[in-house]
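Chemist: My questions all concern the structure below.
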Amino acid sequence: MPFEGSCHCGAVTFSVDADAPTSAKSCNCSHCRRKGFLWAFFPREVFGLKSGEDVLTSYGFGRRIIDHVFCSRCGTQAFALGTAPGGAETAAINLRCVPDIDLDALKIERVDGARY
Numbered sequence: 001m002p003f004e005g006s007c008h009c010g011a012v013t014f015s016v017d018a019d020a021p022t023s024a025k026s027c028n029c030s031h032c033r034r035k036g037f038l039w040a041f042f043p044r045e046v047f048g049l050k051s052g053e054d055v056l057t058s059y060g061f062g063r064r065i066i067d068h069v070f071c072s073r074c075g076t077q078a079f080a081l082g083t084a085p086g087g088a089e090t091a092a093i094n095l096r097c098v099p100d101i102d103l104d105a106l107k108i109e110r111v112d113g114a115r116y
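1 is the number of the first residue of the sequence shown in my numbering; add one for each residue after it.
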C-alpha cells in the first residue's frame, strides 16, 4: 500500500508506491549521525515528488554520490536520491518524515557509513 510523507512545514510532499517498510537503516556517517535519519531505500521509479520542487535545495559531501535534498523553508531532509552500488537509481526516504509509520516498531539495521 503506498505511503506519503512531507517536510516539517508541508511545502515538500512525496509519495512512495510501495508497501511501508518494517525496517530502517541508521547510518553513522558524519551527516546522518548529526541528523538522526532513519532511512528506507526504494527504486527511484516508485518515488513521486508531489509538491515543493521549487523550494528544494541540495547538499552533497564526501564522494557526492547521494543528492541530499532538503526544504529551503524549514530545513527538513525528507529524502535523498542516489545510485546504488549496482547502478540502480534509488530514493532514500527519511522515515521520520512519514507520519503513518510507527518508528518504534521498525527493525533498525546499523550501517557503517563512516567507513566510506
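Glycine included, C-beta positions come from ideal geometry on N, C-alpha and C.
1. Using 10 angstroms around the beta-carbon of Ala-91, count the other beta-carbons present and answer buried if the total reaches 16, otherwise exposed.
2. Sorted by chain position, which residues of the same chain lie with C-beta nearer than 6 Å to Lys-107's C-beta, five sequence neighbours on each side aside?
3. Give a yes or no on whether the C-beta atoms belonging to Ser-15 and Gly-48 are separated by under 8 Å.
4. Apart from the five residues just before and just after Ala-18, which ones in its own chain have a Cβ nearer than 6 Å to its Cβ?
5. When the Cα of Arg-44 is compared with those of Gly-113, Phe-79, Ala-11, Gly-75, which residue comes out closest?
6. With a Cβ-Cβ cutoff of 8 Å, do Val-98 and Ser-51 count as a contact?
7. Looking at the strands, I want to know which residues DSSP matches up with Val-16.
8. As a quick exercise: from Cys-29, Tyr-59, Pro-2, pick the residue whose alpha carbon is nearest that of Cys-71.
9. State the start and end residues of the unbroken alpha helix (DSSP H) segment that holds Cys-32.
10. So, using beta-carbon positions, are Val-111 and Ser-30 closer together than 8 Å?
Modeler: This is what the structure gives:
1. Residue environment analysis places Ala-91 among the buried positions, since at least 16 neighbouring C-beta atoms fall within 10 angstroms of its C-beta.
2. For Lys-107, where only same-chain residues beyond five positions count, the Cβ hits under 6 Å are Ser-23.
3. Yes, Cβ-Cβ distance for Ser-15 and Gly-48 is below 8 Å.
4. Within the same chain, Ala-18 has close Cβ partners Phe-42, Val-46.
5. Minimum Cα distance to Arg-44 is reached at Phe-79.
6. In this structure, Ser-51 does not lie closer than 8 Å to Val-98 by Cβ.
7. Per DSSP, Phe-3, Phe-47.
8. Nearest option by C-alpha distance: Tyr-59.
9. For Cys-32, the enclosing alpha helix (DSSP H) covers residues 30-35.
10. No.
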